[in-house]
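Undergrad:
Residue numbers (our numbering): 97 to 829.
In structure tokens:
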């Protein structure tokens, strides 16, 4: 036996650390998809491919606002992107319809089909506690590939005329600056009126008419378009900061207002938000100041060496805005003094950030960076300047992705909650808990898993009464990157120790195809003696194979679905953790045919029969025993030179190149295989796209002369289905 065969055949003996359960009083709700993406690279029912960049805000009325990038074409950081929110008035139990803040007009003459329109991206939500006005601040880019398509050298964006500042327009074929002045009238380089007019007070739905350009009464284009056959004008190719506000608890929103001129310096190549949630200072000499995280780059090194975190702030309830210093300004990295306007230092960069204020008035900025662990900057003047030393916390890993932090009190003690991806990539979300010491330092106490699998940008909010909400990027199975999901948890979830289980229990027992029952356990199990399930009606379900370390497959009469399992008629299922194994009381549920079942019936199914996860748990090139016969191991199935669809993953993929998913959503019903008579090759049936339904389960496997041949028939069926399980993953790759 080769080393590869040993490794493959030992697959079922592998097991992870035993998953601990939540203690009494701890709450962690099942995830709810608030903004759901499309699947398999295709758009959802509304024509939207992807949602990204969560922003979660609890308003003074207790309403939750969930903000997002609605990315119509793809998940990339350019293209047709709108700003949207949804509202919940019951702490996230239910959510209202989607509200569109902005969705700028597409360019009918666009040259790049992947980037055909100007766009907004990266929302920050914050509410002024005095006026109750809710602000949404976000980036704006003219048509193009946003931060990845900016010119090498920054263009001039605004022109000063006396005490007023006007936005510049560039006219094709000319070198001078035109400007947009009062009521949108365009002035030429000699400060004379022209017959051009820009829409600066948009009225259309989603304010899509903002930037429309008229010559006289004729609409000729939009100043945010990069290319136009009729429109000779465009704005500077840079990033802008726009602001919308709501005075009715997030139900309606104002037209966007450009606040870039007061916070942008000419050397800045890029200026953009650190998305999520801003704060308002609640104590100290700067009480009432609104803080919003942003970051900048310069033209010397742009994204490769100059990204620098900072804050913009308002001391007059959002009327005017100012920019503070960057964390990197005047600080030393080794023997080099940095400044955000000139630096070219890759590892010293800090980018998107999240801000909190401590009870002693200090402002803490938690920054995404390239050091591999958490970096925190401290300000003593309300976020305008920063201490020269950045504090690093090796207890919290940073895999270079946005994070979210909030300040909270519990039993008169001060804490910080921080959520980010635990790694090794953008996956395995954690909520960290730190105690705030008297000197403002942080002592990290807990690191709680909150979402396995994909986990990227996120936004935390305190709900009150020791409860917290988290909106985050995630994708299950064949969902596009990403869907924005929501979970609620409480203080006991953060602080209490999890409990080790006392037995291995069944999580699900579902009929995934007619006659095929999948039983998944909550921890790893192993079959050493083929088990037969005893049902409450006196009938049984017969063991087919062990699919993965937690999932067993049985044949069953579909009429027996809905019955409860009373125990094992024979055989044994053993726990890999030496726990008692319990199947009694398990109800057999119908999980057949259709996306509603596949997605909603078993939302947290992580075993080997529910779509993409199946491919993760597949046993590639496995040629050993797939099951057991009585007390003896099943005979080894030698793998011939076979090119059909039942002998490993690659065979299935090449046999059915156009297979579009019979196991993972609505298409499942379409691609079922025709009733199997026991005469034709299953591979032939698959290749001819017949409709196959598994035969009704009998009390024993088909009798073809001896127990081994009956088992081999079962193994053939099983291998066929395992091949199908893997197709989804292979096609995606």
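Backbone N, C-alpha and C fix where the C-beta goes; we use that ideal spot for every residue, glycine too.
On a Cα-Cα basis, can you pick out the residue from 616, 599, 570, 407 that is closest to residue 606?
TA: To locate residue 606, count along the chain shown from 1; it is residue 510. Residue 606 has its Cα closest to that of 616, out of 616, 599, 570, 407.
Undergrad: Would you mind stating whether residue 385 and residue 457 have Cβ atoms separated by less than 9 Å?
TA: Here residue 385 refers to the residue found at position 289 of the chain shown. Here residue 457 refers to the residue found at position 361 of the chain shown. No, these two residues do not count as a Cβ contact at 9 Å.
Undergrad: Consult DSSP for residue 308 and reduce its assignment to one of helix, strand or coil.
TA: The count along the chain shown starts at 1 and reaches residue 308 at position 212. Reduced to three states, the DSSP call for residue 308 is strand.
Undergrad: Do you know how far the Cα of residue 541 is from the Cα of residue 113?
TA: Counting from one through the chain shown, the residue named residue 113 turns up at place 17. Counting from one through the chain shown, the residue named residue 541 turns up at place 445. Approximately 21 Å between the Cα atoms of the pair.
Undergrad: Pair every Cβ in the region 490 to 501 with every Cβ in the region 516 to 535, then say whether three or more of these pairs are closer than 8 Å.
TA: Cβ pair count under 8 Å is three or more, so yes.
Undergrad: Taking only three categories from DSSP, how would you classify residue 540?
TA: By 1-based counting over the chain shown, the position of residue 540 is 444. It is a strand residue.
Undergrad: Measure the alpha-carbon distance for residue 305 versus residue 316 and round it to whole angstroms.
TA: On the chain shown, residue 305 is found 209 positions in, with the first residue counted as 1. On the chain shown, residue 316 is found 220 positions in, with the first residue counted as 1. Rounded to whole angstroms, residue 305 to residue 316 spans 12 Å at the Cα level.
Undergrad: For residue 125, which option in 681, 679, 589, 176 has the closest C-alpha, if you only look at C-alpha atoms?
TA: By one-based count along the chain shown, residue 125 stands at place 29. With distances taken between Cα atoms, residue 125 lies closest to 589.
Undergrad: Measuring alpha carbon to alpha carbon, tell me which of 166, 222, 183 ends up nearest residue 376.
TA: On the chain shown, position 280 is the one that residue 376 refers to. It is 222 whose Cα lies nearest to the Cα of residue 376.
Undergrad: Answer with buried or exposed for residue 98, where buried requires no fewer than 16 other C-beta atoms within 10 angstroms of its C-beta.
TA: Translated into positions along the chain shown, residue 98 becomes position 2. Per the 10 Å Cβ criterion, exposed.
Undergrad: What residues are listed by DSSP as bridge partners for residue 320?
TA: The count along the chain shown starts at 1 and reaches residue 320 at position 224. The partner list for residue 320 (beta bridge, DSSP) is empty, contrary to what the question assumes.
Undergrad: Alpha carbon to alpha carbon, how far is residue 489 from residue 531?
TA: Within the chain shown, numbered from 1, the residue matching residue 489 stands at position 393. Within the chain shown, numbered from 1, the residue matching residue 531 stands at position 435. So the alpha carbons of these two residues sit roughly 13 Å apart.
Undergrad: Whether or not the region 113 to 122 and the region 587 to 603 are in contact is what I'm after, with contact meaning three or more pairs of Cβ atoms, one per stretch, closer than 8 Å; do they touch?
TA: Cβ pair count under 8 Å is three or more, so yes.
Undergrad: Tell me, to the nearest whole angstrom, how far the beta carbon of residue 443 is from that of residue 466; I am working on the premise that it is less than 8 Å.
TA: One-based indexing of the chain shown puts residue 443 at position 347. One-based indexing of the chain shown puts residue 466 at position 370. Indeed they touch by this definition, with Cβ atoms about 5 Å apart.
Undergrad: What alpha helix (DSSP H) runs, 4 residues minimum, are completely inside the region 544 to 613?
TA: Listed in chain order, they are 587 to 591.
Undergrad: Give the range of the beta strand (DSSP E) segment to which residue 401 is assigned.
TA: As a first step, residue 401 is located in the chain shown; it is residue number 305 there, counting from the start. Careful: residue 401 lies outside any beta strand (DSSP E), inside the alpha helix (DSSP H) at 398 to 401.
Undergrad: Which residue's Cα is closest to the Cα of residue 187: 583, 571, 360?
TA: One-based indexing of the chain shown puts residue 187 at position 91. For the residues 583, 571, 360, the minimum Cα distance to residue 187 belongs to 583.
Undergrad: In whole angstroms, give me the CA-to-CA distance for residue 200 and residue 266.
TA: Sequence index remark: in the chain shown, residue 200 carries index 104 (1-based). Sequence index remark: in the chain shown, residue 266 carries index 170 (1-based). Going from the Cα of residue 200 to the Cα of residue 266 covers about 20 Å.
Undergrad: From what residue to what residue does the beta strand (DSSP E) around residue 349 run?
TA: One-based indexing of the chain shown puts residue 349 at position 253. Neither: residue 349 is in no beta strand (DSSP E) and is coded neither H nor E.
Undergrad: Closest to residue 236 by C-alpha separation, out of 218, 154, 229, would be which residue?
TA: Sequence index remark: in the chain shown, residue 236 carries index 140 (1-based). Here the closest residue by C-alpha is 218.
Undergrad: Quick check on the DSSP output: the beta strand (DSSP E) that includes residue 216 runs from which residue to which?
TA: Here the question's residue 216 lines up with position 120 in the chain shown. Unbroken beta strand (DSSP E) run through residue 216: 215 to 223.
Undergrad: Going by DSSP in three states, residue 534 sits in which element: helix, strand or coil?
TA: Residue mapping note: residue 534 aligns to position 438 of the chain shown, counting from 1. The answer is coil: DSSP assigns residue 534 none of H, G, I, E or B.
Undergrad: Just reading off the beta strand (DSSP E) that residue 453 is part of, what are its end residues?
TA: The count along the chain shown starts at 1 and reaches residue 453 at position 357. Taken as a continuous stretch (DSSP letters only), the beta strand (DSSP E) holding residue 453 covers 446 to 453.
Undergrad: In whole angstroms, what separates the C-alpha of residue 342 from that of residue 565?
TA: Here residue 342 is taken as the residue at index 246 of the chain shown, counted from 1. Here residue 565 is taken as the residue at index 469 of the chain shown, counted from 1. Approximately 22 Å, taken between the alpha carbons.
Undergrad: Here's a check: name, in chain order, each residue in its chain whose Cβ is nearer than 8 Å to the Cβ of residue 676, leaving out the five neighbours to either side.
TA: In the chain shown, the residue the question calls residue 676 occupies position 580. Taken in chain order, the residues that qualify are 598, 599, 600.
Undergrad: Going straight from the alpha carbon of residue 757 to that of residue 575, what length do you get?
TA: Translated into the one-based positions of the chain shown, residue 757 becomes position 661. Translated into the one-based positions of the chain shown, residue 575 becomes position 479. Below a pLDDT of 50, predicted positions are generally treated as unreliable, and residue 757, at 35, falls in that range; the measurement from the model is reported next regardless. Approximately 13 Å, taken between the alpha carbons.
Undergrad: Quick one: grab the DSSP three-state call for residue 422.
TA: As a first step, residue 422 must be located in the chain shown, where it is residue number 326. Of the three classes helix, strand and coil, the one that applies to residue 422 here is coil, per DSSP.
Undergrad: Starting from residue 503, follow the beta strand (DSSP E) in both directions and report where the run begins and ends.
TA: Reading the chain shown from its first residue, position 407 is the one you call residue 503. Here the beta strand (DSSP E) through residue 503 covers 500 to 506.
Undergrad: To test your reading of the DSSP string, which unbroken beta strand (DSSP E) runs of 3 or more residues are found completely within the region 611 to 666?
TA: Runs of the beta strand (DSSP E) inside the region 611 to 666: 612 to 617, 621 to 631, 636 to 642, 647 to 651.
Undergrad: What is the DSSP secondary structure of residue 175, counted as helix, strand or coil?
TA: For the purposes of this step, residue 175 is taken as residue 79 along the chain shown, with counting starting at 1. DSSP places residue 175 in coil when its eight states are reduced to three.
Undergrad: Can you tell me which residues form a DSSP beta bridge with residue 463?
TA: Translated into positions along the chain shown, residue 463 becomes position 367. Its beta-bridge partners are 449, 471.
Undergrad: What's the C-alpha gap between residue 69 and residue 279?
TA: Because the chain is modelled from 97 through 829, residue 69 falls outside the range shown and cannot be assessed.
Undergrad: With 16 other CB atoms within 10 Å as the buried threshold, where does residue 471 fall?
TA: As a working mapping, residue 471 is identified with position 375 in the chain shown. By the 10 Å Cβ count, residue 471 comes out buried.
Undergrad: By the 10 Å Cβ neighbour count, where 16 or more other Cβ atoms means buried, how is residue 289 classified, buried or exposed?
TA: Locating residue 289 in the chain shown gives position 193, counting from the first residue. Exposed, by the Cβ-count rule.
Undergrad: Can you give me the Cβ contacts of residue 433 inside the same chain, cut-off strictly under 8 Å, excluding the 5 residues immediately before and after it?
TA: Counting from 1 along the chain shown, the entry for residue 433 is found at position 337. Excluding residues within five positions, the ones whose Cβ falls inside 8 Å are 426, 427.
Undergrad: For residue 167, which residues in the same chain have their Cβ closer than 8 Å to its Cβ, ignoring the five residues on either side in sequence?
TA: What you label residue 167 is simply residue 71 of the chain shown in a count that begins at 1. Within the same chain, residue 167 has close Cβ partners 144, 145, 146, 147, 148, 175, 176, 177.
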